[in-house]
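Here the protein sequences line up with chains P and F, keeping their order. Start counting at 1 in the first sequence, then tack on 1, and there's your number in the working numbering. Start counting at 1 in the second sequence, then tack on 1, and there's your number in the working numbering. Structure first, commentary second.
2 protein chains.
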Amino acid sequence: MDAKQFEKISRALSDPHRIEILQAFKNRKDCLQCTEVHDFIDLAQPSISHHLKQLVDADLLLPEKEGRNLKYRLNEPVLDNYIHFIQGFKTNL
Amino acid sequence: MDAKQFEKISRALSDPHRIEILQAFKNRKDCLQCTEVHDFIDLAQPSISHHLKQLVDADLLLPEKEGRNLKYRLNEPVLDNYIHFIQGFKTNL
DNA sequence: TAAAAACATCGAAATATTTAAATATATCTA
DNA sequence: TAGATATATTTAAATATTTCGATGTTTTTA
Chain P
2 MDAKQFEKIS RALSDPHRIE ILQAFKNRKD CLQCTEVHDF IDLAQPSISH HLKQLVDADL
62 LLPEKEGRNL KYRLNEPVLD NYIHFIQGFK TNL
Chain F
2 MDAKQFEKIS RALSDPHRIE ILQAFKNRKD CLQCTEVHDF IDLAQPSISH HLKQLVDADL
62 LLPEKEGRNL KYRLNEPVLD NYIHFIQGFK TNL
């Protein structure tokens with residue numbers, strides 16, 4: 002992961018609603034539906050669409066179209082790479 | 002770490018100059034001086050002061066005053082807590 | 001003590017982000 | 001096929017962030 006991607010992911014992680022969306026994966030076997038997000042976040046539909054787009058653009062969520070619905074999977078390898086980048090800040094001498 | 006602190010740290014990490022500052026710790030035994038930052042980042046002094054403040058406010062850097070100089074240490078425990086918060090996004094079922 | 005050095009703060013301009021209303025598109029169902 | 005449902009896009013307003021010049025504070029040094 003390069004610094005540019007790290008920056009983009011960090012920005013995606015720097016909003017309370019987007020954090021809430023990601024936390025919704027904690028108690029879930031796999032996917033999250035767009036509509037479900039609407040249930041637990043008090044924002045207008047275009048705003049939720051905007052936030053999900055940020056997360057997808059940062060490669061944190063992988064969208065899967067199912068008819069007129071959209072399901073999202075968490076991109077765990079990218080999370081791991083992000084964590085690895087942070088570990089690199091640490092002094093190793 | 003709560004979501005609010007996670008958000009603040011993420012925001013602190015979402016700027017190319019601040020990432021560059023943190024990366025400077027990689028090849029360093031311990032501290033980083035304010036003046037040194039000025040050497041490798043092409044920004045006016047108030048801008049660098051602003052970015053360092055963001056990092057200190059996010060608790061990522063610990064400032065230590067030494068006369069008229071300021072030294073910074075990386076707050077590794079906070080980095081670890083931040084990483085732990087991210088791990089919590091992962092599905093654990 | 002006067003000047004220099006290191007860092008912070010204020011104020012303002014440029015730019016980016018968040019939000020929602022209005023509207024568009026795609027898909028499903030009756 | 002008409003209407004309903006799910007999601008995206010456009011536009012605009014409100015707010016936040018980044019940057020720098022000017023200036024202030026503190027500490028060192030000549």
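Don't be surprised by glycine CBs; every beta carbon is placed ideally from N, CA and C.
How would you call residue i, buried or exposed, if buried means at least 16 neighbouring beta carbons within 10 angstroms?
{"i": "F:F69", "result": "Checking the displayed sequence, the identity of residue 69 of chain F turns out to be Arg instead of Phe. Counting Cβ neighbours within 10 Å, F:R69 comes out exposed, since fewer than 16 surround it."}
{"i": "F:H52", "result": "buried"}
{"i": "P:Q46", "result": "exposed"}
{"i": "P:Q55", "result": "buried"}
Would residue i pass as an interface residue toward chain P - the criterion being a Cβ-Cβ separation below 8 Å?
{"i": "F:K72", "result": "no"}
{"i": "F:D40", "result": "no"}
{"i": "F:S15", "result": "yes"}
{"i": "F:E65", "result": "no"}
{"i": "F:L80", "result": "yes"}
{"i": "F:L53", "result": "no"}
{"i": "F:L62", "result": "no"}
Taking only beta-carbon atoms, is residue i less than 8 Å away from chain F?
{"i": "P:R12", "result": "yes"}
{"i": "P:A4", "result": "yes"}
{"i": "P:E37", "result": "no"}
{"i": "P:I49", "result": "no"}
{"i": "P:D31", "result": "yes"}
{"i": "P:G89", "result": "yes"}
{"i": "P:L44", "result": "no"}
Go ahead and pull the three-state DSSP assignment for residue i.
{"i": "P:N82", "result": "helix"}
{"i": "F:L62", "result": "strand"}
{"i": "F:R69", "result": "coil"}
{"i": "P:R74", "result": "strand"}
{"i": "P:L53", "result": "helix"}
{"i": "P:L44", "result": "coil"}
Checklist entry - Is the region 14-22 of chain P close to the region 42-55 of chain P, with three or more CB pairs under 8 Å? => result Segments in contact, yes.
Checklist entry - Do the region 2-9 of chain F and the region 70-90 of chain P make contact, defined as three or more Cβ pairs closer than 8 Å? => result With a cut-off of 8 Å on Cβ pairs, the region 2-9 of chain F is not in contact with the region 70-90 of chain P, counting fewer than three such pairs.
Checklist entry - Just by C-beta distance, which residues in the region 16-27 of chain P are closer than 8 Å to chain F? => result Going along the region 16-27 of chain P in chain order, one finds D16, P17, I20, E21, L23, Q24, F26 and K27 with a Cβ nearer than 8 Å to chain F.
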